[in-house]
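Asker:
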Amino acid sequence: MLTIWGHENSINVKKVLWCAAELDLTYTAIPAGGVHGKVNDPIFLSLNPNGLVPCLQDDENDLVLWESHTIVRYLAARYGQSTWLLTDASVRAAAEKWMDWVLSSLAPALEPLLSNAGPGKGNLRDQKLSIAGIKRCELLFDIAENALEKQPYFSGSGFGIGDIPIGCYAYHWFNMSIRRKPRTHLQHWYDAVSARPAFQARVMIPHT
Numbered sequence: 602m603l604t605i606w607g608h609e610n611s612i613n614v615k616k617v618l619w620c621a622a623e624l625d626l627t628y629t630a631i632p633a634g635g636v637h638g639k640v641n642d643p644i645f646l647s648l649n650p651n652g653l654v655p656c657l658q659d660d661e662n663d664l665v666l667w668e669s670h671t672i673v674r675y676l677a678a679r680y681g682q683s684t685w686l687l688t689d690a691s692v693r694a695a696a697e698k699w700m701d702w703v704l705s706s707l708a709p710a711l712e713p714l715l716s717n718a719g720p721g722k723g724n725l726r727d728q729k730l731s732i733a734g735i736k737r738c739e740l741l742f743d744i745a746e747n748a749l750e751k752q753p754y755f756s757g758s759g760f761g762i763g764d765i766p767i768g769c770y771a772y773h774w775f776n777m778s779i780r781r782k783p784r785t786h787l788q789h790w791y792d793a794v795s796a797r798p799a800f801q802a803r804v805m806i807p808h809t
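Start counting at 1 in the sequence shown, then tack on 601, and there's your number in the numbering used here.
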């Protein structure tokens with residue numbers, strides 16, 4: 602049995618829930634973190650001593666995992682099929698580099714903008730902070746645009762794990778009340794990703 606600990610409006614939890622939905626996995630969801638608390642309870646800390654969500658329990662394989670991208674990689678490798686498996690090492694690495702890029706580059710640039718916007722809001726409050734943050738994000742999305750000129754998805758020829766972290770952040774980027782540089786390939790990719798039922802069910806939730 603799979604158990605996922607976390608709250609659905611956390612970006613990191615969204616990655617895991619979206620992946621699970623794409624794979625049509627059955628799991629038990631335990632609300633934790635944010636207003637739900639539990640992350641400092643002994644039972645949770647015994648699973649994840651960091652006290653952070655998401656956290657995955659896979660009882661069938663006697664496994665506990667934390668770190669959202671590690672969980673996504675595991676679910677895809679363990680329960681995925683066809684393009685989700687990415688058995689070719691070069692194809693898998695090409696997709697996974699975008700997952701790491703989100704952690705090292707996009708998330709640090711975009712998360713301050715989300716905090717500046719406030720819970721569930723698209724309007725930015727601190728204009729000075731906003732201008733600097735938007736400029737940084739625009740440069741990063743230029744990198745993404747250039748990549749999508751050569752392939753339709755960050756995972757390659759089809760949708761996969763490389764698209765999940767970027768997709769979660771792109772949802773908030775495209776829903777901020779800001780003026781964005783038009784990017785044909787990024788927009789086409791986002792239109793395709795946001796049309797997926799699993800994305801609509803698990804990602805299109807306001808940030809808090």
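Glycine is no exception: its CB is placed at the ideal position from the N, C-alpha and C atoms.
Computed from a predicted model, the values in this text were never measured in an experiment.
#1: Go ahead and pull the three-state DSSP assignment for Gly757.
#2: Could you compute how far the alpha carbon of Lys722 sits from the alpha carbon of Trp667?
#3: Going by C-alpha to C-alpha distance, which of Asn649, Gln788 and Ala630 sits closest to Glu746?
#4: Please identify the residue among His637, Glu712, Glu750 and Ser756 whose C-alpha is closest to the C-alpha of Ile735.
#5: So the candidates are Gly652, Gly635 and His637; which of them puts its Cα closest to the Cα of Pro643?
#6: Run through the stretch 730-790 for me and flag every whole alpha helix (DSSP H) of 4 or more residues, listed as ranges in chain order.
#7: DSSP on Asp659, reduced to helix/strand/coil?
#8: Is it right to say Met700 is buried, meaning 16 or more other beta carbons lie within 10 angstroms of its own, or is it exposed?
#9: Taking 8 Å as the cut-off, decide whether the C-beta atoms of His608 and Val614 are in contact.
#10: Buried or exposed, going by whether 16 or more other CB atoms sit within 10 Å of the CB of Met805?
#11: Note down, in chain order, each residue of its chain lying with its Cβ closer than 6 Å to the Cβ of His670, except the 5 sequence neighbours on either side.
#12: Between which residues of its own chain and Glu623 is the CB-CB distance below 7 Å, once the five residues before and five after are set aside?
#13: Please tell me whether Ile672 and Pro655 are closer than 8 Å, where the distance is taken between their beta carbons.
#14: Determine the burial state of Ile744: buried for a count of at least 16 other Cβ atoms within 10 Å of its Cβ, exposed for fewer.
#15: Enumerate in chain order the residues of its own chain whose CB-to-CB distance from Thr629 is below 6 Å, with the five nearest sequence positions on each side excluded.
#16: Between Tyr754 and Pro632, what straight-line distance do the alpha-carbon atoms span, to the nearest angstrom?
#17: With DSSP run on the structure shown, which of helix, strand or coil describes Ile612?
#18: Confirm, please, whether the CB-CB distance from Gln658 to Leu648 is below 8 Å.
Answerer: Reading off the structure:
#1: strand
#2: Model confidence at Lys722 stands at a pLDDT of 49, short of 50, so the residue's coordinates are unreliable; what they give is reported in the following sentence. Using only the alpha carbons, I get a separation of about 28 Å.
#3: Gln788
#4: Glu712
#5: Gly652
#6: 765-775
#7: strand
#8: buried
#9: yes
#10: exposed
#11: So the list reads Met700, once near-sequence residues are dropped.
#12: Ala799
#13: yes
#14: exposed
#15: Thr604.
#16: Looking at the two C-alpha atoms, the distance is approximately 31 Å.
#17: helix
#18: yes
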